[in-house]
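See structure below.
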Amino acid sequence: GHVPGFAARVAECNEITEADLEAYVPLIVAGKAVGLMQPSFADELVRHGDGVFAMDPDAAQTVEQRTAAAANVMAALRDAGVITGWRDELFPVNESYGEPPVMLVERAAASLLGIRAYGVHVNGYTTAPDGTLRLWVARRSMTKPTWPGKLDHLVAGGLPHGVAPGECVVKECGEEASVPVELAKTATPVGVITYNANYLGCCKRDVLFCYDLELPADFDPVAADGEVESFELFDIPRLMDTVSSTDEFKTNCAVVIIDFLVRHGYLSPEEPGYAALVKSLRQ
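Just so we're aligned, residue 1 is where the sequence shown starts under full-length UniProt numbering, counting upward by one.
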């Protein structure tokens with residue numbers, strides 16, 4: 001069966017061990033534990049922080065003050081080459097989704113800070129005349145700074161501060177695959193995937209809001225933003241084999257696709273390891 005291969009893909013997204021967690025330095029803002037950092041990065045924060053970040057801070061400030069102060073530090077870390085791949089996009093910093101943020105911070109610093117980062121992933125699929133599903137798969141451009149050339153969802157993106165997940169889906173659908181607004185609005189929310197990934201030694205704690213979007217048989221995705229090399233429709237056997245036996249998919253996409261396969265009945269409880277696999281999709 002495919003379960004062992006699928007379990008390996010999920011494990012790749014959850015390589016943070018208990019020992020890792022004990023070694024990280026917690027980031028505490030306004031009394032809330034919002035991040036986990038490598039000691040070396042915590043040292044850099046203090047070194048470039050100009051008093052903004054201290055090993056035991058108890059300066060009570062407003063969200064705006066913290067955001068502005070943190071922005072200066074992040075810019076200094078960017079200039080020092082510690083933070084790479086600057087996006088110029090602010091992510092909220094909080095303990096869990098929907099809570100008011102304690103501050104906003106540059107997206108490129110999210111995994112270094114070990115904060116929870118939020119995103120949306122859309123399973124864009126068609127139904128064949130025989131009732132079987134086919135999933136649209138994108139191949140990322142080789143010029144992308146992250147995961148170049150990997151297989152990806154039809155539509156996926158980070159969730160910036162102040163944008164609702166559903167709104168983000170419609171926007172990304174238009175930008176990434178030229179899905180018309182009215183069609184994009186029919187995307188159905190189907191749950192959340194969470195994991196604690198080891199990303200270059202950092203604790204990448206992502207929360208992905210997942211959507212299923214049924215597309216007409218004659219729909220042809222077109223990349224509007226140049227970030228996709230090509231789109232291809234995968235049937236279920238090919239999808240299952242590619243996810244379970246190769247590392248062609250971007251790791252978090254593999255996890256979301258496994259959830260899609262579970263929800264649509266392509267895996268069964270009769271398969272050994274089924275319950276553990278399903279449970280592992282939400283860490």
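We put the beta carbon where it would ideally sit given N, CA and C, even for glycine. Bear in mind the structure is a predicted one, so any value in this text is a computation, not a measurement.
Which same chain residues, not among the five before or five after Pro165, have their C-beta less than 7 Å away from its C-beta? Closer than 7 Å at Cβ, skipping near neighbours: Val120, Leu159 and Phe209.
Using a Cβ-Cβ cut-off of 8 Å, state whether Leu151 counts as contacting chain D. Among the chains of the structure shown, chain D does not appear; only one protein chain is present.
Best match in Gly162, Val122, Leu154 and Thr143 for proximity to Val105 [C-alpha to C-alpha]: The shortest CA-to-CA distance from Val105 to any of Gly162, Val122, Leu154 and Thr143 is the one to Gly162.
Please tell me whether Phe231 and Pro221 are closer than 8 Å, where the distance is taken between their beta carbons. Yes, Cβ-Cβ distance for Phe231 and Pro221 is below 8 Å.
The alpha helix (DSSP H) spanning Asn72 covers which residue range? Run containing Asn72: Val63 to Asp79, per the alpha helix (DSSP H) assignment.
Taking only the alpha-carbon atoms, compute the straight-line gap between Gly114 and Met37 and give it to the nearest angstrom. About 6 Å.
Can you tell me where the beta strand (DSSP E) with Pro26 in it begins and where it stops? For Pro26, the uninterrupted beta strand (DSSP E) segment begins and ends at Val25 to Val29.
Report yes or no: do three or more beta-carbon pairs, one from the region 92–105 and one from the region 8–16, lie closer than 8 Å? Judged by Cβ distances under 8 Å, the region 92–105 makes no contact with the region 8–16, as fewer than three pairs qualify.
Between the region 204–219 and the region 182–192, do three or more beta carbon pairs fall short of 8 Å? Yes, since at least three Cβ pairs between the region 204–219 and the region 182–192 fall closer than 8 Å, the two stretches touch.
Please state the DSSP three-state secondary structure of Tyr211. In the structure shown, Tyr211 sits in a strand (DSSP, three-state: E or B).
Could you please give me the residues that DSSP links to His121 through a beta bridge? DSSP lists Ala156 and Cys210 as partners of His121.
Take Met74 and list the residues in its own chain whose beta-carbon comes closer than 7 Å to its own, dropping the five residues that flank it on each side. Setting aside the 5 residues that flank it on each side, Met74 is surrounded in the same chain by Ile83, Val105, Glu106 and Ala109, each with a C-beta closer than 7 Å to its C-beta; the list follows chain order.
Could you pull the start and end residues of the alpha helix (DSSP H) that Asn252 belongs to? Asn252 -> alpha helix (DSSP H) spans Thr251 to Arg263.
When DSSP labels each residue in this structure, what does Asp241 get in the three-state scheme? In the structure shown, the three-state DSSP call for Asp241 is helix.
Quick check on this structure: which residue in Gln283, Glu271, Lys279 and Leu281 has the alpha carbon closest to the alpha carbon of Pro4? Distances from the CA of Pro4 to each of Gln283, Glu271, Lys279 and Leu281 were compared; the closest alpha carbon is that of Glu271.
Residue interval of the beta strand (DSSP E) (run including Glu227): Boundaries cannot be given for Glu227, as no beta strand (DSSP E) includes it and DSSP labels it neither H nor E.
Straight-line CA distance for Ala184 to Val169? Roughly 7 Å separates the two Cα atoms.
Using the three-state DSSP reduction, which class does Tyr274 fall into: helix, strand or coil? Tyr274: helix per DSSP, three-state reduction.
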